[in-house]
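**Student:** Protein chains in written order, with this note's numbering: chain A, 15 to 126; chain B, 7 to 123. Each residue gets a CB set at the ideal place from its N, CA and C atoms; glycine is no exception. Dropping the structure in here first, questions after.
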């Protein structure tokens, strides 16, 4: 079964610290992995998409890596700010399966 | 550019009533999908469509119906609402070039919060 796991479910960090969020997936037959942000009461916003042929993607303070062999992706947010407080979800796209498999998310609070 | 638009934003239904949740996108995306989001359960796929005239079931299709007569619209119908269908519903779309789910970022609507009493 193709499963995506995000642990821990919730975490808090002091402002200015670097955030590291992990996403694990079963089955290495993925062709991309996306990271999303969800604010309370809102929809999901795509942050980064990594193709299976890539090792990482960067956008501003955000960097996401992908290691298919270990079944792991990491989202790194540098110098966290209170505005980074949100839930972060990862989703994998698998070959032969017309759907995204979502993790349950990491709820992040950045403490001023 | 409106992106993905869902209506209504909030809805309260009585058990047994039917209704349609609307979803429209203006990005000419072939792939569209409906999810429900429940505490502790994460996002679960209800139905999806890879193009006009083509729909398929996701993980939790029972009690829901969809159709895709145009590229832009993908309505979700609740046939006979039950309290178990109380949830937040999200519509999403992505460009696929006619290749199933495709390999591009997904765009989500703002959600419909449905309560069935």
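(1) In angstroms with no decimal places, state the Cα-to-Cα distance between residue 96(A) and residue 23(A).
(2) Which stretch, first to last residue, makes up the beta strand (DSSP E) that contains residue 64(A)?
(3) Does DSSP put residue 68(A) in a helix, a strand or coil?
(4) Which residues in the same chain as residue 31(A) place their Cβ atom closer than 6 Å to its Cβ, once the five residues preceding and following it in sequence are excluded?
(5) Taking residue 41(B) and residue 27(B) to be in contact with their CB atoms under 8 Å, please state how far apart those CB atoms are, rounded to whole angstroms.
(6) Where residue 28(A) and residue 118(A) are concerned, what is the direct C-alpha to C-alpha distance, given to the nearest angstrom?
(7) Determine the direct distance from the alpha carbon of residue 99(B) to that of residue 53(B), and round the result to whole angstroms.
(8) Given a cut-off of 8 Å on the beta-carbon distance, is the pair residue 33(A) and residue 98(A) in contact?
(9) Which ranges does the beta strand (DSSP E) cover as unbroken runs of at least 3 residues, wholly within the region 76-115 of chain B, from first to last along the chain?
(10) Taking 8 Å as the cut-off, does the region 46-63 of chain A touch the region 101-118 of chain B (at least 3 CB pairs, one atom from each stretch)?
(11) Given a cut-off of 8 Å on the beta-carbon distance, is the pair residue 35(A) and residue 76(A) in contact?
**Tutor:** In this structure, then:
(1) 18 Å
(2) 58-65
(3) coil
(4) 94
(5) About 12 Å; that fails the 8 Å criterion.
(6) 23 Å
(7) 12 Å
(8) yes
(9) 82-84 and 93-100
(10) yes
(11) no
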